[in-house]
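What follows is a set of notes on a single structure, which appears directly below.
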Amino acid sequence: MLKFISQNVEIAYETAGNPANPPILLIHGFGSTHINNWVQPGWVEFLLNAGYFVVMFDNRGHGMSQKLYDSADYDVHKMADDAHNLMVHLNIKKYNVLGYSMGARISAFVAMQNPASVKRVILGGLGYNIIDGTPGVQQIANGLFANTLEDVKDKLGRMFRIFADHTGSDRKALAACILSPRRVMLEAEVKSIKQPVLVAIGTVDDVAGDGPMLTNLLSDATFLSIPKRDHMRATGDKVFKNGVAEFLVLV
């Protein structure tokens, strides 16, 4: 992977496709990596076939990027700046953004903070909890701190611990991330996002929060329901992919 420095933090990234094509920035979710979130579920191949130039990276504390153990280093504004700084580093002035879960939260802040640069935004796996906050933060952290999976009894904690183990993540770095002072978006901030937005959530996702409620708050938004998918299984669903393709073409 290539690397660059953002705010004194080393960020690992990759690009794919023809740089002359419309660029789309992919931002992965908590405990994931660009490989787990975008390559393995087929997103990169799908977007390349649709004619996009794909930019993806590992968030700070994740994958091949630098690991940090102070929760203050995972402020959502800093993580959003990492994403935009990558596009500046690549000399890309206007781009689309696709984020999932934590990556969707980051994407919303990228759009809000860089209205002249971000053209369109897809928020996957995140609804009204962008305002209400992430549920079960302490349970997730406890699951990450536990010595073994068998020690984790909470359902949410187990889900994220299993995922962290599957991705080979640095669990201490992830715990610092999940326990960060993750400032929620205020309603006024959500309403300030003027770019077209697609909100996409699985019908049995119990992590994202209410999708239509968020959609109704946004100035120009569409809601996509992903049938019979929970928070983890919606990521690579064909309904999600096709909905994104239609959204990017229509806008």
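Just so we're aligned, residue 4 is where the sequence shown starts under my numbering, counting upward by one.
Think of the CB as a built atom: it goes at the ideal place given N, C-alpha and C, for glycine as much as any other residue.
Model, not experiment: these values are computed from the prediction.
Of the residues the options, the one placed nearest residue i, counting alpha carbons only
| i | options | result |
| --- | --- | --- |
| L29 | I125, L177, D157 and T218 | I125 |
| G214 | A107, V58 and K175 | A107 |
| I143 | I204, D135, L71 and S183 | S183 |
| N52 | P118, A114, V187 and A19 | A19 |
| N99 | L201, A178, S222 and V210 | L201 |
| I8 | H31, P25, H92 and G45 | H92 |
| Q141 | S110, A178 and A191 | A178 |
| M4 | E48, P44, D61 and W41 | D61 |
| P138 | I109, I181, V121 and T170 | I181 |
| A136 | I109, S68 and R123 | Here residue 136 is Gly; the residue named in the question, Ala, does not match the sequence. Selected option, being the one with the closest Cα: I109. |
Residue i CB to nearest heavy atom of the ligand GDP below 7 Å
| i | result |
| --- | --- |
| S120 | Here there are no bound small molecules, and the ligand GDP is not part of this structure. |
Local Cβ density within 10 Å of residue i, reported as buried at 16 or more and exposed below that
| i | result |
| --- | --- |
| T206 | exposed |
| Q132 | Rather than Gln, the amino acid found at residue 132 in this sequence is Asn. N132 comes out buried. |
| D154 | exposed |
| N2 | With the chain covering 4 to 254 only, the question about residue 2 has no answer from this structure. |
| R186 | exposed |
| N150 | exposed |
| Y55 | buried |
| H234 | buried |
| N39 | buried |
| V252 | exposed |
| G66 | buried |
| G34 | buried |
| A23 | exposed |
Alpha-carbon spacing of residue i relative to residue j, whole angstroms
| i | j | result |
| --- | --- | --- |
| K6 | R164 | 27 Å |
| I95 | H87 | 9 Å |
| K230 | Q116 | Per the sequence shown, residue 230 should be read as Pro rather than Lys. In a straight line, the C-alpha of P230 is about 32 Å away from that of Q116. |
| S74 | G64 | 10 Å |
| Y16 | L220 | 33 Å |
| V254 | P199 | Confidence is the limiting factor: at V254 the pLDDT is only 46, short of 50, which leaves the residue's position unreliable, though a coordinate-based value still follows. V254 and P199: Cα-Cα distance of roughly 7 Å. |
| V57 | K70 | 24 Å |
| L159 | D240 | 22 Å |
| T238 | N11 | 31 Å |
| T218 | K194 | 10 Å |
| I14 | L227 | 31 Å |
| F166 | G146 | 11 Å |
| M82 | L89 | 11 Å |
| I27 | F148 | 35 Å |
| A191 | I134 | 10 Å |
| W46 | Y72 | 30 Å |
| A119 | R232 | 34 Å |
| M162 | D209 | 12 Å |
| G246 | T225 | 10 Å |
| D78 | A248 | 31 Å |
Residue j beta carbon less than 8 Å from that of residue i
| i | j | result |
| --- | --- | --- |
| M59 | H37 | yes |
| G212 | S104 | no |
| A203 | G127 | yes |
| K244 | D223 | no |
| L189 | D168 | no |
Chain C contact for residue i (CB, 8 Å cutoff)
| i | result |
| --- | --- |
| A114 | No chain C is part of this structure, which consists of one protein chain only. |
Taking the runs of the beta strand (DSSP E) that are 3 residues or longer, which of them lie wholly in the segment 212 to 250? 224 to 229
Mind pulling the beta strand (DSSP E) runs of 3 or more residues that sit fully within the segment 136 to 214? 200 to 205
Every unbroken alpha helix (DSSP H) inside the segment 33 to 96 [4 residues or more]: 46 to 52 and 79 to 92
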